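Protein sequence lines correspond, in order, to chains A and B. The first sequence begins at 1 in my numbering and counts up one residue at a time. The second sequence begins at 1 in my numbering and counts up one residue at a time. Here the structure is laid out as structure tokens; the discussion comes afterwards.
2 protein chains.
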Amino acid sequence: MRVEIWSDIACPWCYIGKARFEAGLAAFAQRESVEVVHRSFELDPAAPAATDVPVLDMLAAKYGVSRAQAEAMEARVAEAAAGEGLDYRSDRIHGNTFDLHRLLHLAHAHGVQDALLDALYRANFAEARPLADPAVLTEIAVAAGVPAEEAARVLADPEAYAQDVRADEREAAELGATGVPFFVIDRRYGISGGQPAEVFRQALERAHADGAVQVLAAEEAGVCGDDGCAVPGS
Amino acid sequence: MRVEIWSDIACPWCYIGKARFEAGLAAFAQRESVEVVHRSFELDPAAPAATDVPVLDMLAAKYGVSRAQAEAMEARVAEAAAGEGLDYRSDRIHGNTFDLHRLLHLAHAHGVQDALLDALYRANFAEARPLADPAVLTEIAVAAGVPAEEAARVLADPEAYAQDVRADEREAAELGATGVPFFVIDRRYGISGGQPAEVFRQALERAHADGAVQVLAAEEAGVCGDDGCAVPGS
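Below, the structure written as structure tokens:
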């Protein structure tokens with residue numbers, strides 16, 4: 001089985017939802033047969049690349065509320081994060097995540113995508129680190145297992161993995177995702193939002209119970225197996 | 001949409017079926033939205049790594065037939081290959097394909113998997129090249145776009161990408177594939193064998209008509225979208 005998770009590093013419910021999904025996966029008996037792939041989604045693709053806008057200011061401006069009201073909204077999200085054992089700081093920076101997604105595609109090629117996503121979430125939400133700084137990003141990527149020279153090369157070339165990020169985003173739209181996190185099991189079932197762990201476990205059970213793919217009846221065709229290669233019509 | 005194709009470089013119907021699938025894909029209106037991933041399958045995992053056994057001798061021994069009968073079987077496959085414009089030689093060598101599959105996983109990480117698979121099929125079926133020779137393999141991989149030093153490193157380390165090959169093979173069994181080529185569309189539909197192009201086109205149409213994934217109704221959950229992040233129960 002294969003679970004694809006569309007998310008953004010700037011998305012609090014993606015951070016929390018990842019922990020809840022992993023709890024649901026841990027409770028799923030066939031967890032060893034599940035492959036997880038992270039897909040790119042930008043909540044604010046128009047955000048400037050380098051920024052020092054505090055998230056609380058961005059929220060107050062976006063919703064037209066006071067700074068105190070923005071803090072109250074963040075406090076409710078922080079409470080949900082604490083429920084999953086996750087640190088959550090509201091003094092973090094709001095910025096563009098395109099480069100972070102390009103790095104996650106590089107990390108995928110090295111088999112360390114999940115580790116890098118965890119590290120980016122932690123750097124953003126638990127440590128409020130400035131992710132617009134290429135030196136900070138490179139340090140995080142290397143600690144997650146990405147070769148240093150490749151991380152630097154990808155960060156220096158704005159087109160590296162850019163098509164992969166955009167392809168993920170197109171695919172999210174085609175699948176009907178309007179927000180994140182968005183979880184897709186075997187391209188069959190979709191789950192929107194940071195649901196409780198039990199919802200994920202049940203969805204995995206359901207997809208597993210559906211069994212193998214439906215083999216379309218078609219013409220007798222050439223196929224090779226244990227017994228050799230069958231030639232149709234002979 | 002995503003099509004996964006399980007195949008083996010030693011499998012004539014995989015060689016022919018790839019061309020037929022590509023003809024069906026070319027006739028599918030939404031072909032731009034289709035991602036193709038090649039998966040590993042070994043028809044003869046017990047074959048010795050280095051071998052100079054001619055395929056015709058292997059076939060005669062496997063089926064307990066005369067060399068002339070083996071040639072007649074091969075002639076029917078060659079005819080099917082010619083129907084797709086593919087060269088096909090029966091004087092090729094039978095050997096182990098595990099290293100070839102490991103290389104295809106490396107090529108996937110570089111975005112040139114399809115080019116390498118085409119090159120390996122051509123080298124085996126059209127040119128009868130000795131694929132057990134690491135120098136030959138490296139040359140083919142490099143021509144397909146794999147960095148030379150990485151190809152050499154992977155070929156020198158028998159564990160490099162070995163788990164990925166085995167994972168593909170486990171997954172084929174889980175999906176119910178007993179032979180190759182085996183095509184899986186969006187983990188929903190399976191197609192066995194080198195079917196005519198029209199069968200592939202129709203299967204792609206059917207999967208496309210099914211539309212987006214089924215979103216499972218679940219609890220109201222935290223989700224972030226264009227309008228910001230919704231906090232459940234607030």
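Built from N, CA and C at the ideal position, the CB exists for glycine as well. Every value quoted in this text rests on a predicted model; they were computed, and no experiment measured them.
- Taking all protein chains shown into account, Tyr-15 (chain B) has 16 or more neighbouring C-beta atoms within 10 Å of its C-beta and is therefore buried.
- Ala-148 (chain A) does not reach chain B, its nearest Cβ partner there being about 17 angstroms away, counting only Cβ pairs nearer than 7 angstroms.
- Collapsing the DSSP output to three states places Glu-159 (chain B) in coil.
- Fully contained in the region 112 to 186 of chain B are the following alpha helix (DSSP H) runs of length 4 or more, in chain order: 113 to 121, 134 to 143, 148 to 156 and 162 to 174.
- According to the DSSP assignment, Ile-16 (chain A) belongs to the alpha helix (DSSP H) that extends over 12 to 26.
- Rounded to the nearest angstrom, the Cβ distance from Ile-93 (chain A) to Ala-128 (chain A) is 7 angstroms, consistent with a contact under 8 angstroms.
- In the DSSP assignment, His-38 (chain B) falls within the beta strand (DSSP E) that extends over 35 to 40.
- The beta carbon of Gly-17 (chain A) sits closer than 6 angstroms to those of Pro-181 and Gly-194, all from its chain and outside the five residues before and after it, given in chain order.
- Proximity of chain B to Gln-214 (chain A) at the Cβ level (cut-off 8 angstroms) is accounted for by Arg-188, Tyr-189 and Gly-190, in chain order.
- From the listed residues A:Asp-57, A:Ala-78 and A:Val-77, the smallest Cα separation to Ala-68 (chain A) is found for A:Asp-57.
- Ranked by Cα distance from Arg-188 (chain A), the first of B:Asp-168, B:Leu-216 and B:Arg-166 is B:Leu-216.
- Residue contact with chain A for Trp-6 (chain B): absent (no Cβ-Cβ distance below 8 angstroms to any residue of chain A).
- Any Cβ of chain A closer than 8 angstroms to the Cβ of Ile-140 (chain B) would place that residue at the interface, and such an atom is absent.
- Contact between the region 34 to 53 of chain B and the region 78 to 85 of chain B is absent, with fewer than three C-beta pairs closer than 8 angstroms.
- Arg-2 (chain A) belongs to the set of residues whose beta carbon lies under 8 angstroms from a beta carbon in chain B.
- Under the DSSP assignment, Glu-198 (chain B) falls in the alpha helix (DSSP H) whose first and last residues are 197 to 209.
- DSSP, read as helix, strand or coil, puts Glu-4 (chain A) in strand.
- Spanning the alpha carbons of Gly-190 (chain B) and Leu-104 (chain A) requires a straight line of approximately 30 angstroms.
- A Cβ of chain B is located within less than 8 angstroms of the beta carbon of Gln-195 (chain A).
- Shortest Cα-Cα distance from Glu-42 (chain A) to any of A:Leu-106, A:Pro-12 and A:Glu-150 involves A:Pro-12.
- A distance below 7 angstroms between beta-carbons, with the five flanking residues on each side excluded, links Ala-47 (chain B) to the following residues of its chain, in chain order: His-94, Gly-95 and Asn-96.
- Relative to the Cα of Leu-86 (chain A), the nearest Cα in the group A:Arg-20, A:Ala-172 and A:Glu-4 belongs to A:Arg-20.
- Ranked by Cα distance from Asp-114 (chain B), the options B:Phe-183, B:Gly-145, B:Gln-30 and B:Ala-26 are led by B:Gly-145.
- Going by beta carbons, Ala-27 (chain A) and Arg-201 (chain A) fall inside the 8 angstroms limit.
- Around Ser-33 (chain A), the beta-carbon contacts reaching into chain B at under 9 angstroms are Arg-170, Glu-171 and Glu-174.
- In the displayed model, Tyr-63 (chain A) falls within a helix according to three-state DSSP.
- Legend: CB atoms of the region 97 to 128 of chain B lying less than 7 angstroms from CB atoms of chain A belong to residues Ala-109.
- With its beta carbon at least 8 angstroms from every one in chain A, Lys-18 (chain B) lies outside the interface.
- When DSSP states are grouped into helix, strand and coil, Gln-69 (chain B) belongs to the helix group.
- At a Cβ-Cβ threshold of 8 angstroms, Ile-140 (chain B) and Ala-123 (chain B) count as neighbours.
- Chain-ordered, the chain A residues with CB closer than 7 angstroms to the CB of Leu-43 (chain B) read Cys-224.
- Boundaries of the alpha helix (DSSP H) harbouring Ala-107 (chain A): 98 to 109, taken from the DSSP string.
- The beta-carbon of Ala-68 (chain B) is placed no less than 8 angstroms from the nearest beta-carbon of chain A.
- Looking at A:Pro-232, A:Asp-226 and A:Ala-230, the one whose alpha-carbon comes closest to that of Pro-45 (chain B) is A:Asp-226.
- Using a CB distance cut-off of 8 angstroms, Pro-12 (chain B) counts as an interface residue toward chain A.
- Proximity of Ala-27 (chain B) to chain A, defined by a Cβ-Cβ separation below 8 angstroms, is not satisfied.
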